[in-house]
Structures are given as structure tokens and as C-alpha cells.
Amino acid sequence: MDKKIEAMESQFKEYRLTPQRRLVLEIFLQHRQRHLSAEEVFTFSRARGEEIGLATIYRTLELLEGLGLIHKLNFGDGRSRYEMAHQDLSHHHHHHLVCLGCDEIFEVEDDLLHQLEEVIEQKHGFDIVNHNLQFYGYCSKCQGKEKKARQAPGKED
Ligand SMILES: [Zn+2]
Ligand SMILES: [Zn+2]
Ligand SMILES: [Zn+2]
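Mind the numbering: the sequence shown is residues 1 to 157 in my numbering, read in order.
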């Protein structure tokens with residue numbers, strides 16, 4: 001894990017890789033598949049017995065985002081979340097499925113939008129370099145609960 005962080009050190013440019021910045025990066029590396037809010041980073045750092053304030057975490061997240069090490073995501077629930085950036089910058093960002101039942105975020109690697117991009121480019125003479133798309137709905141676990149909640153009491157499927 002440390003090796004990866006050392007590799008990131010060059011991306012810090014004129015900034016120093018302070019213990020706090022290292023801590024935040026370690027938390028993201030540990031929870032690679034997660035999309036963490038500042039509060040969650042705070043909770044995880046507390047769990048490790050580290051003393052780091054929420055304000056410092058906010059500043060650190062902004063810096064790491066500015067350096068391209070993490071991506072800021074907005075799922076419309078009023079708080080920003082972050083995830084590790086791909087090392088390969090040419091790698092297109094994956095898409096997210098946001099569950100409205102449990103707030104879990106799932107990743108979809110399939111990207112069927114290139115064809116759509118071509119159509120839009122031709123129609124509008126617009127040179128598209130990227131896109132951003134999120135899907136909202138209910139995950140497989142929450143679908144069952146949704147159905148039950150909608151059903152009249154006593155009815156089962
Ligand atoms: Zn769910
Ligand atoms: Zn993601
Ligand atoms: Zn895409």
C-alpha cells in the first residue's frame with residue numbers, strides 16, 4: 001500500500017505529502033471500491049485512532065482533487081463524495097448506479113455512450129471530450145423491499 005502512495009508523491013508537485021494527506025490517501029486506497037464523503041473519511045480516520053479534524057479533511061479532499069488524485073462526485077443528495085482517480089488519465093470514467101433505497105453506489109464499466117456522442121457531435125458540430133451520467137433506481141436488495149412496501153398488507157409475491 002505504501003508503495004502506491006510513494007508513486008503518487010510526484011503528483012504533489014509543490015505541495016508536501018503531509019501525514020494528514022497520506023492518511024486520507026490511505027483511506028481511499030483501503031476503500032477503493034467506495035465513494036466516500038468527507039464525513040466517512042472522518043469516521044474511518046477516527047476508527048484508525050487518528051486525530052484529524054473535519055475542516056482539515058475538507059481542505060485535503062479539495063487539494064487531492066485539484067491534483068487529480070481523487071474525483072469529486074455529486075449524486076444529488078447534497079453532499080460531495082470522492083473516489084480514487086484512475087492512474088491512467090486517458091481511461092474514461094465509469095458510470096454510477098445510485099440506489100434510492102440504501103444510498104449504495106454501484107459502478108458500471110460498460111459504456112454504450114460513444115455512439116450517442118457521435119450522433120450529437122454530428123448533429124451539433126460539438127467536439128465532445130467527456131460525459132457524465134448517473135442512473136437512479138433500486139438495487140436488487142432494495143427492489144424486494146420496494147415491492148413489499150407498495151403492496152397492500154397481507155399480500156405476498
Ligand atoms: Zn439498495
Ligand atoms: Zn465510482
Ligand atoms: Zn461513459
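Glycine residues also receive a C-beta, built at the ideal position from the N, C-alpha and C atoms.
Distances from the CA of Leu69 to each of Ile27, Arg46, Phe106 and Glu107 were compared; the closest alpha carbon is that of Ile27. Just so you know, the alpha carbons of Leu100 and Lys72 end up roughly 20 Å apart. The C-beta distance from Tyr82 to Leu29 rounds to 13 Å, too long to fall under 8 Å, and the pair is not in contact. Nearest C-alpha to Gln33 among His124, Glu65, His96 and Asp127: His96. Relative to ligand 2, the beta carbon of His86 is positioned no closer than 7 Å to any heavy atom. Taken atom to atom, the span from the alpha-carbon of Leu112 to that of Glu62 is near 31 Å.
By the CB criterion at 8 Å, Glu118 and Asp127 fall outside the cutoff. For the pair Gly76 and Phe106, the Cα-to-Cα distance works out to about 15 Å. Taking a cut-off of 7 Å from the heavy atoms of ligand 1, the residues with a C-beta inside it are Cys99, Gly101, Cys102, Glu104, Tyr138, Cys139, Lys141 and Cys142.
Within the stretch 57-114, the complete beta strand (DSSP E) segments of 3 residues or longer fall at 70-74, 80-84, 95-99 and 105-108, listed in chain order. By the neighbour-count criterion, in which a residue is buried when 16 or more other Cβ atoms sit within 10 angstroms of its Cβ, Ser140 is exposed.
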